[in-house]
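J.:
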Amino acid sequence: MSRGAFSAAGLAAVLSVALTSCSASTGPATGTGATGGSGGGLVVGVTSDPDTLFPWKATQFQAVNVLQNLYGTLTEFDKDLNVVPGLAESWDTSEDGEKLTLKLRQGVTFADGSAFDSEDAKSSLEKIMDEKTAAVARTSLAAVKSVEAPDASTVVLELTGPDAALPANLATVNMAMLSSGDTEEKLNATPNGTGPFTLTKRVASQSITLARNDKYWGAEKPKVATVEFRVIPDESSIVSAMQSGNVQLAVFNDPLVAQTAQGGSVNVAKTPQLNYHVLQLNAQHGDLKDVNVRLAIQCAIDRKQVLDTAALGEGEVTGPITAPAFKSDPNKRPCPNRDLAKAADYLGKAGRSGGVTVKTIVSQGEYATSVNEAQNLKAQLAEAKINLDLEVLESGAFVDRWVAADFDAAVALNGGRPEPDGSYGRYFTSDGNLNKVAGYSSPELDKLFAAGKATTDQAERKAIYDQVAAELEDNAAWIWLFAGYTYTATTANVRGFVPMASGSLQYLRTTSVG
């Protein structure tokens, strides 16, 4: 059965929204200036420095946004998050679903000039699958038994069974194709990818500068000569830099900042996101081992109040799955609305009527609303005798603690995907490589995630992932809060950037400045 393209059904509809103070985003975010040419530089304002330049371990948004412009993947997402060809120009799944054959593009080179071929693809996939690599996407290849490279332009994945999620899972930068001889140490110093740009300069905690890759395989070469990611920790300061002409593009999380940016030479496009705001609970830690304590936390939180307080109501309360084709009902949970009496009952069942303390990490710098969310959650939970002991960390330190599962709870913004297996299989299966971070799994979830990959029938998959969401909510594995927007600000001379529901900056390659 041909698998040369894979539709993310229903996703395009989420990209069209009404907007009060900013312009709606249904296409390129453009200014009103002259059309850009094929040269010049673009400066992108970001709030923190990437914590790694090794794509297989990148979880921080700032790192992902840089790396997806340096590296290529076998498949890609288009602007509507459909899966389309990348370094693999086509692929085909056998009738029994147990073999995926990918035909690779020829003539592709890495930044160092060496050729990309099937041995690099084979090496990359096998290293991602190797537990010792500690790749964050390892679980996404759990169905792969072996990888073969019968010729220079063909890669064959032998599977344990059908895996409907695999083409989409291959499209993330955590699945980047690396040269077989490269190492993590080498790439953290000198990235070597097949992407539209190459890294030319890095000043720690200040900037990263990319140059156009004139040998990029894409039909359209990047339009700007350079892209500089300039670190400006405060979003309001980025607005000032845009108004003075020192920064041409930025993506904001804070709607209040977006409102102040709109006007004059700056246009702001608002894009609904698959990313979700969440209070992660580690069910392997302390009082949180008791489901009744976790349910008490769920019942003590008014999600709409968090949304209104931290994000001016810009978004919607959410359940676990935000992808439109599989979207969870946000009200299917033990406490769809705040209920302090129920919270007290659950604490009583846990034998903790006097209250509990939950040590909670918060990132400052990765996204703008984090501290406000944490403070609102702390205030709400205090009324239920639940003390969130907040520890605010800079972005890199937060990621280190998060990956090590060194927290009881974490106030987080997690990346959403059009494919639920890619979003949650690595967290909530017993052998998921991020299960230590999630802190929760069960035999039933293992079966459900396996079943979700084993069929391509959309209705069946939706029913399966509804069951996944139900177990996560009924056991308060985490407390899902809301899904919001990003606000892409561009100066009047910027053309062609396309904001995406995934938050990706991959369309820097189509952006021009003139």
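Going by mature numbering (1 follows the signal peptide of the UniProt record, and there is no 0), the letters in the sequence shown line up with residues -26 to -1, 1 to 488, in that order. Glycine residues also receive a C-beta, built at the ideal position from the N, C-alpha and C atoms. The model shown is predicted, which means the values in this text are computed figures rather than measured ones.
Using 10 angstroms around the beta-carbon of Asn162, count the other beta-carbons present and answer buried if the total reaches 16, otherwise exposed.
T.: As a first step, residue 162 is located in the sequence shown; it is residue number 188 there, counting from the start. It is exposed - the Cβ of Asn162 has fewer than 16 other Cβ atoms within 10 Å.
J.: Give me, in chain order, the residues of the same chain whose beta-carbon lies closer than 6 Å to that of Gln258; leave out the 5 immediate sequence neighbours on both sides.
T.: Working through the sequence shown from its first residue, we reach residue 258 at position 284. Taken in chain order, the residues that qualify are Gly413.
J.: Let me confirm a value: Glu357 is counted as buried when at least 16 other C-beta atoms fall within 10 Å, else exposed. Which label applies?
T.: Against the sequence shown, residue 357 aligns to sequence position 383. Counting Cβ neighbours within 10 Å, Glu357 comes out exposed, since fewer than 16 surround it.
J.: Looking at Gly396 and Lys359, is the spacing between their C-beta atoms short of 7 Å?
T.: Working through the sequence shown from its first residue, we reach residue 359 at position 385. Working through the sequence shown from its first residue, we reach residue 396 at position 422. For Lys359 and Gly396, no; Cβs fall outside 7 Å.
J.: Mind checking whether Val121 and Leu99 have CB atoms under 7 Å apart?
T.: Locating residue 121 in the sequence shown gives position 147, where the first residue counts as 1. Locating residue 99 in the sequence shown gives position 125, where the first residue counts as 1. Closer than 7 Å, so yes.
J.: Look up Asn361 in the DSSP assignment and give the residues it is bridged to.
T.: As a first step, residue 361 is located in the sequence shown; it is residue number 387 there, counting from the start. Asn361 pairs with Thr331.
J.: Taking Val40 and Ala224 to be in contact with their CB atoms under 8 Å, please state how far apart those CB atoms are, rounded to whole angstroms.
T.: In the sequence shown, counting from the first residue as 1, residue 40 sits at position 66. In the sequence shown, counting from the first residue as 1, residue 224 sits at position 250. About 14 Å; that fails the 8 Å criterion.
J.: Please report the straight-line C-alpha distance between Asp156 and Val345, rounded to a whole angstrom.
T.: For this step, residue 156 is matched to residue 182 along the sequence shown. For this step, residue 345 is matched to residue 371 along the sequence shown. Going by the C-alpha atoms only, they are around 38 Å apart.
J.: Checking the sheet assignment: what are the DSSP bridge partners for Gly19?
T.: Position 45 of the sequence shown, counted from the start, is the residue given in the question as residue 19. Beta-bridge pairing links Gly19 to Arg204 and Ala224.
J.: Report the rounded CA-to-CA distance for Leu76 versus Glu93, giving the unit in angstroms.
T.: Residue 76 sits at position 102 when you count from the first residue of the sequence shown. Residue 93 sits at position 119 when you count from the first residue of the sequence shown. Whole-angstrom Cα-Cα distance: 13 Å.
J.: Using 10 angstroms around the beta-carbon of Pro394, count the other beta-carbons present and answer buried if the total reaches 16, otherwise exposed.
T.: On the sequence shown, residue 394 is found 420 positions in, with the first residue counted as 1. It counts as buried.
J.: How many angstroms separate the CA atom of Thr4 from the CA atom of Tyr461?
T.: Position 30 of the sequence shown, counted from the start, is the residue given in the question as residue 4. Position 487 of the sequence shown, counted from the start, is the residue given in the question as residue 461. Note that Thr4 scores 46 on pLDDT, short of 50, meaning its location in the model is unreliable; the coordinates nonetheless yield the value given after this. Taking the straight line from one Cα to the other gives about 13 Å.
J.: With C-beta atoms as the reference, is Lys427 less than 7 Å away from Ala138?
T.: In the sequence shown, the residue the question calls residue 427 occupies position 453. In the sequence shown, the residue the question calls residue 138 occupies position 164. Yes.
J.: Should Leu281 and Phe456 be called a contact, given that it needs their Cβ atoms to be closer than 7 Å?
T.: As a working mapping, residue 281 is identified with position 307 in the sequence shown. As a working mapping, residue 456 is identified with position 482 in the sequence shown. Result yes, Cβ atoms of Leu281 and Phe456 sit closer than 7 Å.
J.: Below 8 Å, how does it come out for the segment 30 to 40 and the segment 51 to 61: are there three or more Cβ pairs, yes or no?
T.: No contact exists between the segment 30 to 40 and the segment 51 to 61.
J.: Name the DSSP bridge partner or partners of Ile182?
T.: If you number the sequence shown from 1, residue 182 lands on position 208. Looking at the DSSP assignment, Ile182 forms a beta bridge with Arg176 and Phe203.
J.: Below 8 Å, can you find three or more Cβ-Cβ pairs linking the segment 295 to 307 to the segment 376 to 396?
T.: A contact exists between the segment 295 to 307 and the segment 376 to 396.
J.: Are there 16 or more other CB atoms within 10 angstroms of the CB of Val468, so buried, or fewer, so exposed?
T.: Your numbering for residue 468 matches position 494 in the sequence shown. Buried, because 16 or more other Cβ atoms sit within 10 Å of the Cβ of Val468.
J.: On the DSSP bridge assignment, give the partners of Asn311 in chain order.
T.: Here the question's residue 311 lines up with position 337 in the sequence shown. Beta-bridge pairing links Asn311 to no other residue.
J.: Alpha carbons only, please: which of Pro304, Ala379, Gln217 and Lys410 is nearest the one belonging to Lys333?
T.: Residue 333 sits at position 359 when you count from the first residue of the sequence shown. Out of Pro304, Ala379, Gln217 and Lys410, Ala379 has the C-alpha closest to the C-alpha of Lys333.
J.: Would you list the one or two residues that DSSP bridges to Gly237?
T.: Numbered from 1 along the sequence shown, position 263 holds the residue referred to as residue 237. Answer is Val240, bridged to Gly237.
J.: What is the DSSP secondary structure of Glu122, counted as helix, strand or coil?
T.: Your numbering for residue 122 matches position 148 in the sequence shown. Correct three-state label for Glu122: strand.
J.: By alpha-carbon positions, which one of Leu286, Tyr439, Gly470 and Ser404 ends up nearest to Ser416?
T.: Here residue 416 is taken as the residue at index 442 of the sequence shown, counted from 1. The residue with the shortest Cα to Cα distance from Ser416 is Ser404.
J.: Can you list, in chain order, the stretches of the alpha helix (DSSP H) that have 4 or more residues and sit fully within the segment 130 to 154?
T.: Those alpha helix (DSSP H) runs which fall completely within the segment 130 to 154 and span 4+ residues are 140 to 143.
J.: What does DSSP give as the partner residues of Thr462 in its beta bridges?
T.: Start at 1 with the first residue of the sequence shown, and residue 462 comes out as number 488. In DSSP, Thr462 forms a bridge with Val225 and Ala243.
J.: Taking only runs of the alpha helix (DSSP H) that begin and end inside the segment 390 to 449, which ones reach a length of at least 4 residues, in chain order?
T.: Complete alpha helix (DSSP H) runs here, min 4: 409 to 412, 417 to 428 and 432 to 448.
J.: Does Val213 get closer than 7 Å to chain C when you measure Cβ to Cβ?
T.: This model lacks chain C altogether; it includes just one protein chain.
J.: Over what stretch of residues does the beta strand (DSSP E) that includes Ser64 continue unbroken?
T.: Taking the sequence shown and counting its residues from 1, one reaches residue 64 at position 90. Unbroken beta strand (DSSP E) run through Ser64: Ala62 to Thr67.
J.: My parser needs the alpha helix (DSSP H) runs of 4 or more residues fully inside the segment 52 to 105; what are they?
T.: DSSP runs (the alpha helix (DSSP H)) wholly in the segment 52 to 105: 92 to 103.
J.: Taking the continuous beta strand (DSSP E) assigned at Val385, which residues delimit it?
T.: Residue 385 sits at position 411 when you count from the first residue of the sequence shown. First-last of the beta strand (DSSP E) with Val385: Ala383 to Asn388.
J.: How about Asp23 and Val221: are their beta carbons less than 7 Å apart?
T.: For this step, residue 23 is matched to residue 49 along the sequence shown. For this step, residue 221 is matched to residue 247 along the sequence shown. It is not a contact, given that the beta carbons lie outside the stated cut-off.
J.: Confirm, please, whether the CB-CB distance from Asp276 to Val267 is below 7 Å.
T.: Residue mapping note: residue 267 aligns to position 293 of the sequence shown, counting from 1. Residue mapping note: residue 276 aligns to position 302 of the sequence shown, counting from 1. No, they are not a contact pair.
J.: Please classify Ile212: does DSSP put it in a helix, a strand, or coil?
T.: Reading the sequence shown from its first residue, position 238 is the one you call residue 212. In the structure shown, Ile212 sits in a helix (DSSP, three-state: H, G or I).
J.: With DSSP run on the structure shown, which of helix, strand or coil describes Thr49?
T.: Numbered from its first residue, the sequence shown carries residue 49 at position 75. Thr49: strand per DSSP, three-state reduction.
J.: So Thr376 is in the alpha helix (DSSP H); what residue range does that whole segment cover?
T.: The residue you call residue 376 lines up with position 402 of the sequence shown. Before going on, a small fix: residue 376 reads as Trp here, not Thr. Unbroken alpha helix (DSSP H) run through Trp376: Ser369 to Val377.
J.: Can you tell me whether Glu418 is buried or exposed, with buried defined as 16 or more other CB within 10 angstroms of its CB?
T.: Translated into positions along the sequence shown, residue 418 becomes position 444. With fewer than 16 other Cβ atoms within 10 Å, it is exposed.
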